[in-house]
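Participant: Okay, here's the structure, questions in a sec.
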Amino acid sequence: MVSSHEQTTAYADEQKQHLKKTLGRFDIVLIVMSAVLSIEVLAETAGFGAETFTWTLVLAIFFLVPYALVFAETGSTFVGEGGAYIWVRQAFGRPAGAIASILSWVTQPVWVGGSMAFLATGTWNQFISPLEAGSVGDWVFKIVFIWITVLAAIVSLSKAKWLPTLGGALKVVFIAFFLFTTIIYAAQHGVQPLHFSDFSPSLGGFLGLVPLLLFSYLGFEASNSASDEMKDPKKDIPAAIARSGFISALCYLLPVLAMLLVLPTETITGIGGMLDAVKTVFTIYGPAADVMVVIAALLFVIILASQGAAWMIMSDRMQALTAADGAFFGGFFGKISRGLGTPVNVNLLSGVVATVFLIAAMQLSGDAGALFGVVLSISISTFLLSYLLIIPAAIRLRWKHPNIERPFRVPVSNISFTVLGGIAFLWILLGSWVAIFPGTLDRLFGLDYNFLDEWGVDQGPFTALTLGTLIVLAALAIVGYIRGAKIRAYRPALDPETLQASLDKPLTTPEGV
């Protein structure tokens, strides 16, 4: 018979009736590009020098490829609103699904309220109009930025999808124009001296870059959270992962190389690095350069807002389905608006969490660049930890349901599929440790590591904020699961035909019902 953790709740079935199919393949590719292509991380990684290019290429081959293959198969086979939550629930049960979901979901409001809001404000402050740190204008700008992303997630997907799809297109155009201009600039002015030895990988660079690069490459399967709103998810998801993954790898490798060629490494920072490079190469446009830099900065802020909106749209749907399935605070957060077809209550919760985290991050001492790096690290840690459950779930589903129809199947045996997933898992395990406890492995291997010099803040507040965030999340997940007991008690009755199918073979429906 169908096990209890594979069977959905009656409330989840009821709420999913309010969803509307609006996403085609083009929409999915651009929304994934908007979410996953993290151009705000480019400068943070490029600050490690030329070896950034080397490690970006290494992870593209040895992490992105196996990871993309695993989730192209899993995502096209086990479709259903909720995405990764559904996979973990089917593989390991609701409690595990609840933990994976909250870790993945909370990353987005923490990231939007901390890193993205700081970066957008820093960009505005440096390139458009000065805002004094801690002033009323500074606070208003950050809060408005947060709630624009929330509003985009609340609006019906048929309308809201245009912000992230526009953002995805703008990212590619922005990077392409930057690269085109860099080539002309290099021809006229020359480039920073780079030698082959500069690209040599180092252990210190490896430990510093792995969490950042993993964060940049993760999330291509996140569109599954809205798969009940796709027109043909079984065909479109593998194609979207392949196309967006390839484009994203190029959009990381080439801009990093371009920044290294036009800027001294020591001047590249997480807040201004990308646009500092833009400002440098735009000098070839003469009197128009200043205006073009302002336009580029405005586009950058729009891109950041669209990226936050894309993640809010996808992660909030996963958390709403988690609640509707009785694994997070029951009916209130699991409600899908009948008119909008969106999880309004979870959207508002994300806005509140993002605002609270903004307030907490503003209490840290340090400049804007340091705060950006600290909050980015916390976002990375929660996101990576969720994959310590999601990747094993994908592997288990391959073994658990060998006969289920797979629109895309990685042409390898179950053992080889497990090896692919295991490679991705080990990368995530390493990245998680480095993100939560930075410097520990450096010191273990005898590398010089000064926490204050590396992060711009003391280790005590950093560790307290990181571990405190994880403790609060664990408590929230436990309480939320307990409060979902009433919802879990009501499951739809299986009709005779479905019951017989469940006895004969694994089912192909999203919930396994």
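Per this note's numbering, the sequence shown starts with residue 38, numbered consecutively. Idealized CB from N, CA, C, for every residue including glycine. These numbers come from a predicted model, not from an experiment.
#1: For I396 versus I428, is the C-beta spacing smaller than 9 Å?
#2: Does the distance from the C-beta atom of V187 to that of L385 stay below 9 Å?
#3: Roughly how far, in whole angstroms, is the beta-carbon of R280 from the beta-carbon of V66, given that I think they are within contact range, below 8 Å?
#4: First and last residue of the alpha helix (DSSP H) that includes E169?
#5: What number of angstroms, rounded off, separates the C-alpha of D175 from the C-alpha of F243?
#6: Can you tell me whether R480 is buried or exposed? The criterion is at least 16 other CB atoms within 10 Å of its CB, across all chains shown.
#7: Quick check: what's the CA-CA separation for P270 versus F115?
#8: Looking at the structure shown, is Q356 part of a helix, part of a strand, or coil, going by DSSP?
#9: Could you tell me the distance, in whole angstroms, from the CA atom of F217 to the CA atom of F108?
#10: Would you identify the three-state DSSP class for A49, choosing helix, strand or coil?
#11: Just to confirm the assignment, what range does the alpha helix (DSSP H) spanning S387 have?
#12: Spatial neighbours of F236 within its chain, please: CB distance less than 7 Å, with the 5 preceding and 5 following residues excluded, ordered by chain position.
#13: Following the continuous alpha helix (DSSP H) through S226, name the residue where it begins and the one where it ends.
#14: According to the Cβ coordinates, are R525 and E110 closer than 9 Å?
#15: In its own chain, which residues sit with a C-beta less than 6 Å from the C-beta of S260, not counting the 5 before and 5 after it?
#16: From the DSSP output, in three-state form, read off Y553 for me.
#17: Tell me which residue opens and which closes the alpha helix (DSSP H) that F100 is part of.
#18: Please classify L255 as buried or exposed, where buried requires at least 16 other C-beta atoms within 10 Å of its C-beta.
#19: Going by beta carbon distance, what residues of the same chain come within less than 6 Å of L531, once the five residues before and after it are set aside?
#20: Could you tell me the distance, in whole angstroms, from the CA atom of A364 to the CA atom of S152?
#21: So, Q145 versus S343, is the Cβ gap smaller than 9 Å?
#22: Under the assumption that I519 contacts A472 (Cβ atoms under 8 Å), give the Cβ distance between them as a whole number of angstroms.
#23: Taking Cβ positions, are T219 and A326 nearer each other than 9 Å?
#24: What is the DSSP secondary structure of Y486, counted as helix, strand or coil?
Facilitator: If we stick to the structure as given:
#1: Taking C-beta atoms as the reference points, I396 and I428 fail to come closer than 9 Å.
#2: Yes. Within cutoff.
#3: Contact check for R280 and V66: beta-carbon distance about 5 Å, within the 8 Å limit, so the pair qualifies.
#4: Run containing E169: none; DSSP gives neither H nor E here.
#5: C-alpha separation (whole angstroms): 35 Å.
#6: Result: exposed.
#7: Approximately 10 Å between the Cα atoms of the pair.
#8: The answer is helix: DSSP assigns Q356 an H, G or I state.
#9: Approximately 33 Å between the Cα atoms of the pair.
#10: Note: A49 maps to helix in three-state DSSP.
#11: Start and end: V381 to M399.
#12: So the qualifying residues of the chain are A87, E88, F90 and T91.
#13: In the sequence as displayed, the identity of residue 226 is His instead of Ser. Per DSSP, H226 belongs to the alpha helix (DSSP H) from W199 to H226.
#14: Contact flag unset, no.
#15: For S260, where only same-chain residues beyond five positions count, the Cβ hits under 6 Å are I65 and V69.
#16: Outside the displayed span of the chain (38 to 550) sits residue 553, for which this structure offers no information.
#17: Premise fails: F100 is in no alpha helix (DSSP H) and is neither H nor E.
#18: Under a 10 Å Cβ-count criterion, L255 is classified as buried, with 16 or more other Cβ atoms of the shown protein chains found around its own Cβ.
#19: Here L531 scores only 48 on pLDDT, less than 50, and its place in the model should not be relied on; the value that follows carries that caveat. Short of 6 Å from the beta carbon of L531, and not among the five residues preceding or following it, lies no beta carbon of its own chain.
#20: Looking at the backbone, the Cα of A364 and that of S152 are separated by about 28 Å.
#21: Not in contact: Q145 and S343 (Cβ atoms no closer than 9 Å).
#22: With a contact defined as Cβ atoms closer than 8 Å, I519 and A472 miss out at about 29 Å.
#23: No. Outside cutoff.
#24: In the structure shown, Y486 sits in coil (DSSP, three-state: anything other than H, G, I, E or B).
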